[in-house]
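The sequence shown begins at 8 in the numbering used here and counts up one residue at a time.
Idealized CB from N, CA, C, for every residue including glycine.
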Amino acid sequence: MEGVTKTYEVARAPGLWGRPATERVLDAVTNFTLTVQPGEFVSVIGPSGCGKTTVLFLLAGIRQATSGRIEVCGRAPAAAVREGLCGVIFQQPVLFEWLTAEENILLPLRLRDARWWWWRGRRGLYRETGRRLLQTVELDPFASYYPDKLSGGMQQRVAIARALTLDPQVLLLDEPFGALDEITRDRMNLELLRLSAARSLTVVFVTHSIEEAVFLSDRVVVMGRAASGRAHSSIVREIDVDLPRPRTSSLKEEPSFFQRVREGRAALREAQDLSG
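Shown next, in the form of structure tokens:
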């Protein structure tokens with residue numbers, strides 16, 4: 008992302024006595040620049056409303072930038088997602104209730120190969136892909152379960168497996184573990200680290216948790232918002248997390264981990280001070 012701005016025009020209701028409706032311009036992100044290296048794990052934190060999710064949605068092609076340049080794997084964001092080079096995981100699992108865990112995971116393949124005769128002809132291969140991905144997220148005994156029979160953590164693992172179905176190079180995650188209890192969240196963090204390392208994934212991870220960001224990342228990007236309500240024109244701070252990998256839960260007891268968390272907390276306070 009280079010010099011990216013995303014502006015929303017918010018229409019107001021017509022004024023009294025026939026006055027014309029007015030529009031208010033809201034800059035969700037202004038002059039934002041971020042480069043993520045292949046294989047790098049970058050977390051984005053910041054106060055509520057600073058534009059973290061907007062940045063992720065721009066990278067995923069869900070929103071279009073008003074100005075600036077965005078490339079994902081050398082392509083426009085929407086093209087990267089369409090070609091299976093980029094996977095997206097949202098705050099909620101967003102599973103189809105009438106599909107089993109395996110069917111939800113295989114949905115990207117069914118959408119890509121939309122002709123039903125092709126789906127029937129390749130059914131054995133696809134089911135093998137589904138089983139392999141279920142094993143990857145340790146859910147193979149639950150292949151035939153529907154989402155309402157799965158716990159929140161299990162549903163999110165299905166969502167992760169679905170995002171990996173087309174073997175992406177980049178994974179974008181928008182607070183995927185925010186609704187989980189602490190123990191399940193810790194387990195999902197370890198699972199994400201294992202998957203990203205095994206597949207050499209490039210990851211952009213949005214979170215509100217400083218501890219989570221430090222534990223997962225190679226680099227933590229702290230965003231801020233100016234007191235006027237317009238997005239701050241630059242990243243407040245970037246923190247290099249030069250902690251050893253592979254990482255385990257015991258890292259959270261190390262002084263070096265607490266030092267990075269303190270740096271992150273100080274940067275977040277700085278970002279909040281900008282908001283007034």
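{"Item": "Beta-carbon proximity check, Phe39 vs Thr73, cutoff 9 Å", "Value": "no"}
{"Item": "Runs of beta strand (DSSP E) lying entirely within the region 174-229, each at least 3 residues, in chain order", "Value": "177-181, 209-213, 226-229"}
{"Item": "Presumed contact (8 Å Cβ cut-off) between Thr61 and Val36, rounded CB distance", "Value": "5 Å"}
{"Item": "Local Cβ density within 10 Å of Ala108, reported as buried at 16 or more and exposed below that", "Value": "buried"}
{"Item": "Closest residue to Pro183 among Thr136, Gln162, Leu250, Glu270 (Cα-Cα distance)", "Value": "Gln162"}
{"Item": "Reference Phe264; option with closest CA among Arg276, Leu197, Asp249", "Value": "Asp249"}
{"Item": "Secondary structure of Ala108, DSSP reduced to three states", "Value": "helix"}
{"Item": "Contact between the region 261-277 and the region 220-227 (3+ Cβ pairs under 8 Å)", "Value": "yes"}
{"Item": "Through-space distance from Lys59 to Arg76, alpha-carbon basis", "Value": "17 Å"}
{"Item": "Candidates Gly46, Cys93, Pro54, of which the one nearest Leu65 by Cα", "Value": "Cys93"}
{"Item": "Beta-carbon spacing of Leu146, Ala168 below 9 Å", "Value": "yes"}
{"Item": "Backbone secondary structure at Gly160 - three-state DSSP", "Value": "helix"}
{"Item": "Leu116 vs Thr172 beta-carbon contact at 9 Å", "Value": "yes"}
{"Item": "Residue environment, Leu118, which counts as buried when at least 16 other CB atoms sit within 10 Å", "Value": "exposed"}
{"Item": "Backbone CA spacing between Leu202 and Ile112 [nearest angstrom]", "Value": "16 Å"}
{"Item": "Rounded straight-line distance, which links the Cα of Arg232 to that of His239", "Value": "Reliability fails at His239, whose pLDDT of 46 lies under 50, so the model's placement of it is uncertain and the value that follows must be treated cautiously. Rounded to whole angstroms, His239 to Arg232 spans 4 Å at the Cα level."}
{"Item": "Secondary structure of Trp124, DSSP reduced to three states", "Value": "With a pLDDT of only 46 at Trp124, under 50, the local geometry of the prediction cannot be trusted, and no value is derived from it."}
{"Item": "Burial state of Pro251 (16 or more Cβ within 10 Å)", "Value": "exposed"}
{"Item": "Other residues of its chain near Leu179: CB distance less than 6 Å, five sequence neighbours each side excluded", "Value": "Leu63, Leu66, Ala67, Val95, Val211"}
{"Item": "Nonlocal neighbours in the same chain, by C-beta distance under 8 Å from Gly271, ignoring five residues either side", "Value": "Ile52, Ile217, Ala220, Val221, Val227, Val229, Ile246"}
{"Item": "Within 9 Å, strictly: CB atoms of Gln98 and Asp193", "Value": "no"}
{"Item": "Cα-Cα separation, Met195 to Ala186", "Value": "12 Å"}
{"Item": "Close Cβ partners of Ala278 (< 6 Å) along its chain, the five nearest in sequence each way excluded", "Value": "Gly53, Pro54, Val229, Gly231, Val243"}
{"Item": "Within 9 Å, strictly: CB atoms of Ser256 and Leu197", "Value": "yes"}
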